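Novice: So the sequence shown is numbered by numbering that gives the first Met the number 0: it starts at 0 and just counts up by one.
The following block contains the structure, expressed as structure tokens.
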Amino acid sequence: MSLKKWKLEPLQGSGTAIINAEDEPSGPPYEYTFARNLVRGVPHPPFIEESVWEAQKSQLKFQNGDVFVCTYSKCGTTLMEQIVLLLLNGGKANQLNPLHKNTLDKTKVGKTGGEIGKVWTEMTVVDGLKRDNEKERGLPVKACMGEDKARMSIAEFNSLPRPRILKTHAPRHLFLADNNQNETRTQEAHLPKIADGVKVIYVTRNPFDACVSCYYHPKPGVSPATTGCPFDAFAKLWLSHRVEFGGWLNHVHGWRKEYLRTTEDAPAPSPFMLWMSYEELVSNPQKSIARVAAFLEVDLESDPHLLHRVVEGCSFDRVKKAAEVALAAGMEGDIAHLRKGKVGDWRNHFSEELRLEFENEINSY
0 MSLKKWKLEP LQGSGTAIIN AEDEPSGPPY EYTFARNLVR GVPHPPFIEE SVWEAQKSQL
60 KFQNGDVFVC TYSKCGTTLM EQIVLLLLNG GKANQLNPLH KNTLDKTKVG KTGGEIGKVW
120 TEMTVVDGLK RDNEKERGLP VKACMGEDKA RMSIAEFNSL PRPRILKTHA PRHLFLADNN
180 QNETRTQEAH LPKIADGVKV IYVTRNPFDA CVSCYYHPKP GVSPATTGCP FDAFAKLWLS
240 HRVEFGGWLN HVHGWRKEYL RTTEDAPAPS PFMLWMSYEE LVSNPQKSIA RVAAFLEVDL
300 ESDPHLLHRV VEGCSFDRVK KAAEVALAAG MEGDIAHLRK GKVGDWRNHF SEELRLEFEN
360 EINSY
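Below, the structure written as structure tokens:
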């Protein structure tokens with residue numbers, strides 16, 4: 000296994016060919032087309048369109064109290080969403096739907112016990128914006144993991160009750176909620192500050208484990224692991240900017256700069272941005288969840304059992320079991336996003352040679 004064995008070339012139209020350089024010209028390329036849409040030059044999954052994103056950028060209103068869970072793909076998104084939602088709903092795990100990634104069901108907003116959930120802004124605030132809308136073509140709306148229940152218009156989004164729990168995988172320079180809604184920017188440009196009162200929780204993860212988890216993403220039949228792509232070939236791709244959201248390296252680098260800028264402008268700890276790792280959430284959930292609670296200004300002392308309920312409610316085994324029960328009861332969905340939840344699984348995928356090459360690529364960024 001070696002990164003040197005592979006090279007990357009653009010596919011005609013969109014996507015990337017991962018070519019076995021040792022077998023040229025006879026070696027067949029592996030085609031990666033999941034991140035085939037470009038948003039201001041950055042690869043995105045097919046359900047995020049540049050025209051829709053541009054409309055969102057100019058029209059969405061972000062306000063004091065909005066909470067973003069921001070991650071690169073497969074770096075602890077679902078776990079942090081579960082923690083945030085449980086802290087805000089009093090630790091009532093039965094109100095959440097992990098089978099659908101705890102997506103807000105907009106049909107229940109304002110009804111007792113049904114208003115808690117997260118919104119993946121770029122993916123779900125699309126009604127009235129898509130040029131080729133599925134409804135207009137007479138096709139069923141089948142967004143992944145229950146996102147169809149959260150599909151909404153700009154007006155519906157802007158009127159949601161606070162606090163809104165929002166998910167994003169956006170690199171910092173494509174973050175929707177900053178103080179300049181229309182500026183064209185690159186990753187190197189000086190970026191405007193995040194909108195006043197908006198809180199961001201950024202979760203990062205050991206890149207070795209993150210790469211392995213992305214290898215199995217998004218689901219069987221689509222993921223590189225189930226479509227014949229060797230792991231070292233995918234690792235070559237994953238370290239590049241050609242994967243969704245511009246790659247882990249660019250993503251973490253851009254958001255780390257934002258975090259350092261935020262902490263310079265505010266007393267420590269920053270009231271506007273919290274930086275956490277997936278590893279600390281797993282290894283010390285009580286301490287980590289207490290940090291999240293303090294950041295969200297949730298008073299744990301007023302309910303001495305809340306922390307325990309949240310710890311129990313966000314355990315990987317409990318969340319996966321709840322999703323399995325919902326699936327067995329006939330709810331539509333799948334549990335591909337709940338694979339293992341382990342720290343250190345990368346050791347089952349990397350040879351020593353590949354580990355050293357991978358580490359050198361990260362250290363030389």
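By construction, the Cβ of each residue, glycine as well, lies at the ideal position given by its N, Cα and C atoms.
Keep in mind that this is a model prediction, so the values were computed, not measured.
State yes or no: is the C-beta of L86 within less than 8 Å of the C-beta of V291?
Specialist: yes
Novice: I need the straight-line Cα distance from K6 to H252, nearest angstrom please.
Specialist: If I take the Cα positions, the gap works out to 24 Å.
Novice: Mind checking which residues open and close the beta strand (DSSP E) that includes H43?
Specialist: V41 to H43
Novice: Sort V297, V309 and C228 by Cα distance to M0 and report the nearest one.
Specialist: C228
Novice: Terminal residues of the continuous alpha helix (DSSP H) containing F359?
Specialist: Rather than Phe, the amino acid found at residue 359 in this sequence is Asn. First-last of the alpha helix (DSSP H) with N359: E351 to N362.
Novice: What residue does the beta strand (DSSP E) around C69 start on, and which one ends it?
Specialist: V66 to T70
Novice: Between the beta-carbon of S276 and the beta-carbon of T167, is there less than 8 Å?
Specialist: No, the Cβ-Cβ distance between S276 and T167 is not below 8 Å.
Novice: Reducing DSSP to helix, strand and coil, say where P223 ends up.
Specialist: Of the three classes helix, strand and coil, the one that applies to P223 here is helix, per DSSP.
Novice: Could you check if K198 is buried or exposed, using at least 16 other CB atoms within 10 Å of its CB as the buried criterion?
Specialist: buried
Novice: Would you kindly report the start and end of the unbroken beta strand (DSSP E) that includes T203?
Specialist: K198 to T203
Novice: Output needed for S13: all residues of its chain with C-beta closer than 6 Å, excluding positions within five of it in sequence on either side, in chain order.
Specialist: Counting only Cβ-Cβ distances below 6 Å, and skipping sequence neighbours, we find R35.
Novice: On the CB-based measure, 16 or more other CB atoms within 10 Å of its CB, does P170 come out buried or exposed?
Specialist: buried
Novice: Can you find the residues in the same chain that come closer than 6 Å, C-beta to C-beta, to E49, ignoring five residues on each side of it along the sequence?
Specialist: V38
Novice: What residues in its chain sit with their C-beta under 6 Å from that of P284, if we drop five residues either side in the sequence?
Specialist: V310
Novice: Would you mind giving the Cβ-Cβ distance between Y233 and P217, rounded to the nearest angstrom? I have them listed as a contact below 8 Å.
Specialist: Residue 233 is actually Phe in this sequence, not Tyr. Between F233 and P217 a beta carbon distance of about 13 Å is seen, past the 8 Å cut, so the two are scored as non-contacting.
Novice: Return the chain-ordered list of same chain residues with a C-beta closer than 6 Å to the C-beta of F294, the five sequence neighbours on each side being excluded.
Specialist: L273
Novice: So, at 7 Å on beta carbons, what are the nonlocal neighbours of C213 in its own chain, with the 5 sequence-adjacent residues on each side left out?
Specialist: Taking C213 as the centre and dropping the five residues before and after it, the same chain places the C-beta of S72, K73 and W237 closer than 7 Å to its C-beta, in chain order.
Novice: Verify whether the separation of the beta carbon atoms of D65 and R150 is less than 8 Å.
Specialist: Contact: no.
Novice: Should E135 be labelled buried (16 or more other beta-carbon atoms within 10 Å of its own) or exposed?
Specialist: Per-residue confidence for E135 stands at a pLDDT of 43, beneath the threshold of 50, marking its modelled position as unreliable; no derived number is given.
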